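The numbering of the sequence shown is the numbering used here, which starts it at 19 and goes up by one.
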Amino acid sequence: MMTETEVFRVAGLAGEKKLSGTIAVSGSKNEALPLLASALLFGDPVRFANMPQISDIESMRTLLESIGVVSESKEHTLTVDARGISKEPFNRDVARKFRASVIATGPLLARTGEVVFPPPGGCLIGKRPIDVFLSGYEKMGATVSVLDDGEVFRITAPEGGLRGAHIIFRVQSVTGTEALLMAAVLAHGTTTLENVALEPEVTALAEALCACGAKIDGIGTTTLVITGTGGVPLSFGDRSPIAVIPDRIEAGSFIVLGALCAENLTITNCATKHLSLPLEMLRDAGVSFEATDTTVTISNNTKANKVFRSLQIRTHEYPGFPTDLQAPMSIFATQATGESVVEEMIFEGRLGYLEDIARMGANIVIADSHKAIITGPMKLTGRELYSPDLRAGLAYIIAALVAKGTSHIYNIHYIERGYEHIEEKLRGIGVAIERAVV
Ligand code: EPU
19 MMTETEVFRV AGLAGEKKLS GTIAVSGSKN EALPLLASAL LFGDPVRFAN MPQISDIESM
79 RTLLESIGVV SESKEHTLTV DARGISKEPF NRDVARKFRA SVIATGPLLA RTGEVVFPPP
139 GGCLIGKRPI DVFLSGYEKM GATVSVLDDG EVFRITAPEG GLRGAHIIFR VQSVTGTEAL
199 LMAAVLAHGT TTLENVALEP EVTALAEALC ACGAKIDGIG TTTLVITGTG GVPLSFGDRS
259 PIAVIPDRIE AGSFIVLGAL CAENLTITNC ATKHLSLPLE MLRDAGVSFE ATDTTVTISN
319 NTKANKVFRS LQIRTHEYPG FPTDLQAPMS IFATQATGES VVEEMIFEGR LGYLEDIARM
379 GANIVIADSH KAIITGPMKL TGRELYSPDL RAGLAYIIAA LVAKGTSHIY NIHYIERGYE
439 HIEEKLRGIG VAIERAVV
């Protein structure tokens with residue numbers, strides 16, 4: 019029996035820059051997820067504002083619900099109450115659905131002394147091991163057991179709770195830093211985390227926890243020193259809700275979309291300070307825009323007077339070029355004149371989508387799993403595209419718009435994981451995108 023599949027049908031602009039208007043950026047997925055998990059550290063309800071309405075947030079809420087956490091949403095504000103927390107294992111099916119489920123292991127272990135969870139799932143972008151988390155918890159005195167042939171991990175804190183430790187990260191893991199930071203906030207004594215990730219989402223999480231009474235020194239540097247509360251939960255009290263920072267990846271993707279497809283486009287609700295390098299690279303490549311602290315405006319970007327130059331895209335931990343913007347930027351490279359080199363240094367499986375882009379007509383040589391060479395500009399033709407992850411999914415929408423003809427984008431559940439109301443937002447600037455059942 020044939021099953022029906024929902025896809026995005028996108029009408030291409032055949033290289034014309036016809037879009038215009040204003041498009042707003044939502045709250046950052048990758049800050050919202052650890053913030054939600056941080057509710058486990060509190061003895062009273064916590065409130066968040068600017069929460070993106072995306073399926074990863076719903077998954078995190080369902081995961082937390084499976085261990086007794088109640089959350090209530092009102093538009094973009096969310097109240098999360100962990101007073102009824104239990105020692106139940108995580109709901110396996112939900113935890114497997116998204117990689118970020120592993121972030122919750124840190125605060126849960128610190129709060130209840132035990133966490134039972136399956137290896138986390140997520141997008142198809144590489145191996146994504148969790149050794150950094152496990153070895154960090156062990157350094158804090160926890161015992162890690164692998165059960166059911168590797169299908170379940172059980173981590174147990176020592177008698178009396180996690181103990182402060184000196185932990186040096188083998189890799190600057192974003193979610194690893196977030197999980198261990200949260201574990202350390204409730205531990206006994208002082209924890210030093212060295213070689214931590216500097217991504218704005220990590221910094222924003224640390225600042226939010228500090229504002230609620232956690233003691234964290236070194237925020238914004240690669241060494242964090244956390245003085246634990248000795249098991250005493252944080253108190254939120256009647257503070258104003260913590261506002262999630264703008265999503266820099268959504269903002270960066272919209273800027274690429276504007277450069278390639280819009281005559282005039284204003285992107286609002288951004289934090290441009292988190293996009294310094296991508297903006298610099300786009301400016302060097304010939305994109306003209308005006309940036310304020312919170313907006314980017316592309317104007318008079320007509321085909322006649324715009325030729326973009328090729329660029330070097332080498333992903334790196336922040337403040338380097340974000341791996342999550344590599345796919346949209348590579349679509350830009352297909353329309354730039356000359357040879358662009360794309361080097362994916364964070365994940366080994368994140369260039370596969372380029373095969374689909376090559377099938378649309380781009381001139382792409384994938385040298386190995388970390389490197390590709392894109393020579394442009396090339397005309398693209400619409401086709402069927404199967405998103406391997408959410409970031410490539412949005413890049414496919416951009417490629418489909420650049421192309422001539424209609425594209426059908428499959429696996430839209432990936433796109434919905436990270437982008438709020440994407441069809442409505444795009445329609446608002448003139449994109450012909452619709453949901454179709456095929
Ligand atoms: N790594 C290990 N061992 C670990 C953890 C990570 O070897 O225990 C490796 C990874 O395999 C990778 C590197 O360290 O090669 C960095 O991975 P990191 O842990 O920083 O990635 P992550 O925390 O799983 C977050 C974002 C990703 C983003 C990366 C890199 C969240 C929820 N996810 O993932 O976002 O690509 O940092 O910036 O914050 C996305 O939003 O689409 C997305 C994939």
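Even for Gly, the Cβ is constructed at its ideal location relative to N, Cα and C. Here the structure is a predicted model, which is why all the values come from computation and not from measurement.
Return helix, strand or coil for residue i, following the three-state DSSP convention.
| i | result |
| --- | --- |
| residue 264 | strand |
| residue 307 | strand |
| residue 431 | helix |
| residue 325 | coil |
| residue 283 | strand |
| residue 397 | coil |
| residue 105 | coil |
| residue 458 | Nothing in the structure corresponds to residue 458, since the chain is present only between 19 and 456. |
| residue 237 | coil |
| residue 77 | helix |
| residue 245 | strand |
| residue 114 | helix |
| residue 93 | coil |
| residue 214 | coil |
| residue 180 | coil |
| residue 100 | coil |
| residue 338 | coil |
| residue 187 | coil |
| residue 229 | helix |
| residue 25 | strand |
| residue 373 | helix |
| residue 453 | strand |
| residue 134 | strand |
| residue 165 | strand |
| residue 31 | coil |
Report whether the distance from the Cβ of residue i to the nearest heavy atom of the ligand EPU is below 8 Å.
| i | result |
| --- | --- |
| residue 408 | yes |
| residue 47 | yes |
| residue 191 | yes |
| residue 240 | no |
| residue 224 | no |
| residue 341 | yes |
| residue 331 | no |
| residue 164 | no |
| residue 194 | yes |
| residue 442 | no |
| residue 98 | no |
| residue 186 | no |
| residue 51 | yes |
| residue 150 | yes |
| residue 215 | yes |
| residue 147 | yes |
| residue 436 | yes |
| residue 72 | no |
| residue 201 | no |
| residue 307 | no |
Measure from the alpha carbon of residue i to the alpha carbon of each residue in the options, then state which is nearest.
| i | options | result |
| --- | --- | --- |
| residue 413 | 194, 375 and 379 | 375 |
| residue 191 | 207, 178, 181 and 149 | 149 |
| residue 371 | 359, 313, 356 and 409 | 409 |
| residue 229 | 51, 65 and 310 | 65 |
| residue 332 | 86, 306, 359 and 58 | 359 |
| residue 24 | 405, 448 and 416 | 405 |
| residue 399 | 180, 417 and 386 | 417 |
| residue 97 | 146, 254, 438 and 127 | 254 |
| residue 439 | 36, 41 and 37 | 41 |
| residue 133 | 147, 146 and 180 | 180 |
| residue 446 | 43, 120 and 21 | 43 |
| residue 396 | 214, 377 and 79 | 377 |
| residue 108 | 391, 27 and 136 | 136 |
| residue 273 | 186, 434 and 312 | 312 |
| residue 343 | 156, 165, 294 and 326 | 294 |
Assuming residue i and residue j make a contact with CB atoms under 8 Å, what is their CB distance in whole Å?
| i | j | result |
| --- | --- | --- |
| residue 105 | residue 130 | 5 Å |
| residue 428 | residue 402 | 7 Å |
| residue 354 | residue 303 | 6 Å |
| residue 211 | residue 335 | Residue 211 to residue 335, Cβ: 15 Å. No contact. |
| residue 227 | residue 56 | 6 Å |
| residue 337 | residue 263 | Actually they are not in contact, since the Cβ atoms of residue 337 and residue 263 sit about 15 Å apart, beyond 8 Å. |
| residue 38 | residue 448 | 6 Å |
| residue 244 | residue 202 | 4 Å |
| residue 348 | residue 367 | Rounded, the Cβ-Cβ distance is 15 Å, inconsistent with contact. |
| residue 197 | residue 121 | 5 Å |
Using a Cβ-based criterion (distance less than 8 Å to any ligand heavy atom), does residue i qualify as near the ligand HEM?
| i | result |
| --- | --- |
| residue 254 | Among the ligands present in this structure, namely the ligand EPU, the ligand HEM is not found. |
*Validate contact between the region 237-245 and the region 36-52 using beta carbons, cut 8 Å, 3 pairs*: Output reads no: the region 36-52 does not touch the region 237-245.
*Are the region 68-76 and the region 86-98 in contact at 8 Å, needing three or more beta carbon pairs?*
Under the three-pair Cβ rule at 8 Å, the region 68-76 counts as touching the region 86-98.
*Would you check if there are 3 or more beta carbon pairs closer than 8 Å linking the region 21-32 to the region 420-437?*
Verdict: yes, contact present.
*Would you check if the region 278-288 and the region 249-261 touch, i.e. whether three or more CB-CB distances between them fall below 8 Å?*
The region 249-261, when compared against the region 278-288, does not touch it at the 8 Å Cβ threshold.
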